[in-house]
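My numbering puts the sequence shown at residues 216 to 617. The structure appears right after this line, and notes come after that.
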Amino acid sequence: MKKTTGTDPAITAKWRPATQAVRAGTNRSHHGETSEALYLTSGFAYDSAEEVAARFAGEAEGMQYSRFKNPTVEMAQARIAAMEGAEACLMQASGMAAMTGSLLCMLSAGDHVVAGRAAFGSCRWILDNVLNRFGITHTAIDGTDNAAWEAAVQPNTKAFFFETPANPTMDIVDLEFVCGLARSKGIKTVVDNAFATPVLQRPLDFGADIVAYSATKLMDGQGRVMAGAVCSSTAWIEEYLSPFQRNTGPICAPFNAWVVMKGLETLPLRAPAQSANAVLVAQFLEDKGLRVLHPGLPSHPQYALTQKQMVAAGPIFAFHAPAGQEQAMALCNALELIDISNNIGDSKSLMCHPASTTHYNMGAEGRAEAGIEDGMLRINVGLEDPLDLIEDLDRALGKVGL
Ligand SMILES: *Cc1c(COP(=O)(O)O)cnc(C)c1O
């Protein structure tokens, strides 16, 4: 059988992104299968009692139990790590398991976190309702304001936690500045990179320590499975995340890891294509006179920063129904092609009203603080022909008097 090169990080690190997406991590069995094998097994059998003892003692390589390691999950993790330019990656059951694990595994009572206030609703919830209960405090700031990061640092600040682009306001955080500030103070940065994926933005290149994903979104890319992933240095993963995850158990199921791994093969094609479609749709809405929040349009306040740190702005953006929630919902209801759905990253175009769905939990006050208005709509632009999407939106806008 032809030698498998996908398992050697020294080789995969040199491949270009499209090659990494298709081949990094591939570890063929003795059958020589071309599509990576799906190992649906919780346990493993050993040749001898001494062999299993050596594995448990960490003296021999190999599998023990799928809560610790699984061959399919290992392949997917190696692929993500190669694409991210990271030393190591661990996958989780969902994006929220990735975010929660990244923070809980390294923080202790008395620690402090500075967080971007524009964030996925559940990311805010874990700060307010989980970490808080264990004596880990936080300050939520406007992540686009570099001075605010500096001003919020306390002697006990251990982590910066933010998304860029942020959900759903599309705020862009200055990765180089914020990660540099953290480094200079010994603070760990946790970047939720779900909207971009390594194809559109690689936070480690700008000095981030930990990059966390909802792999449910663009990585899967076809709306099939829930999964999460965390990339960092081998030292951080081994000291903090791996023992946390092995013992608390929010691991990624082999089937879900396999689906994500196959999704990654087309990610370098899908992410730029969806990004380009999103620019066309956003430009149409802006030309209609609507207020659009899209970091790839010159009207976005951080357009220049986006150009610096992202390859393209991604498939997701927000815009406003000027008359508020009722009109926003009526617009959703008038769509014939674009689905009403709160998911993102799918190859199908999806639209939702964040204030009544993904960000409902934050309450009116929290939404006002995070800049989520009642008339705001969030759209994930898929792989359909953008002209069909524009026609659908045009027809729906007409129905609601816009
Ligand atoms: C969806 C999402 C999450 C949560 O991921 P799940 O896979 O749904 O648990 C976290 N952060 C961002 C930015 C997201 O879009």
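Note that beta-carbon positions come from the ideal geometry of N, C-alpha and C, so glycine has one too. What you are looking at is a predicted structure, and each value in this text was computed from that prediction instead of being measured.
Near residue 400, which residues of its chain fall below 8 Å by C-beta distance, leaving aside the five closest residues on each side in sequence?
368 and 372
Buried/exposed call for residue 177, threshold 16 Cβ in 10 Å
Outside the modelled stretch of the chain, which goes from 216 to 617, sits residue 177, for which no answer is possible.
Quick one: is residue 555 buried, meaning 16 or more other Cβ sit within 10 Å of its Cβ, or exposed?
exposed
Check: residue 432 C-beta below 7 Å from any heavy atom of ligand 2:
By its list of ligands, the structure shown excludes ligand 2, since it contains just ligand 1.
Buried or exposed: residue 244, going by 16 or more other Cβ atoms within 10 Å of its Cβ?
exposed
I need the boundaries of the alpha helix (DSSP H) containing residue 540, first residue and last residue.
540 to 549
Name the two residues that bound the continuous beta strand (DSSP E) containing residue 480.
Premise fails: residue 480 is in no beta strand (DSSP E) and is neither H nor E.
Three CB pairs or more closer than 8 Å across the segment 333 to 346 and the segment 471 to 481
no
For residue 365, I'd like the list of residues in its chain whose CB is within less than 7 Å of its CB, leaving aside the five on either flank, ordered along the chain.
396
Residues that residue 428 bridges to, as DSSP identifies them
444
Does DSSP classify residue 613 as helix, strand or coil?
helix
For ligand 1, is there a heavy atom less than 7 Å away from the beta-carbon of residue 584?
no
Closest residue to residue 280 among 295, 254, 302 and 247 (Cα-Cα distance):
254
Which first and last residues belong to the beta strand (DSSP E) in which residue 592 is found?
591 to 595
Short of 6 Å in beta carbon distance, which residues of its chain neighbour residue 252, apart from the five on each side in sequence? Order them along the chain.
244
Whole-angstrom C-beta distance between residue 557 and residue 567, which should lie under 8 Å:
4 Å
If I follow the unbroken alpha helix (DSSP H) through residue 394, where does it start and stop?
390 to 399
For residue 381, which residues of its own chain have a beta-carbon under 7 Å away from its beta-carbon, when the five flanking residues on both sides are left out?
331, 333, 334 and 358
Is DSSP giving residue 254 helix, strand or coil here?
coil
In chain order, what residues have a CB nearer than 5 Å to some heavy atom of ligand 1?
309, 310, 311, 335, 378, 382, 407, 409, 429 and 431
Mind the definition here: the segment 407 to 414 touches the segment 517 to 529 only if three or more C-beta pairs lie below 8 Å; say whether that holds.
yes
List the endpoints of the continuous alpha helix (DSSP H) containing residue 338.
336 to 340
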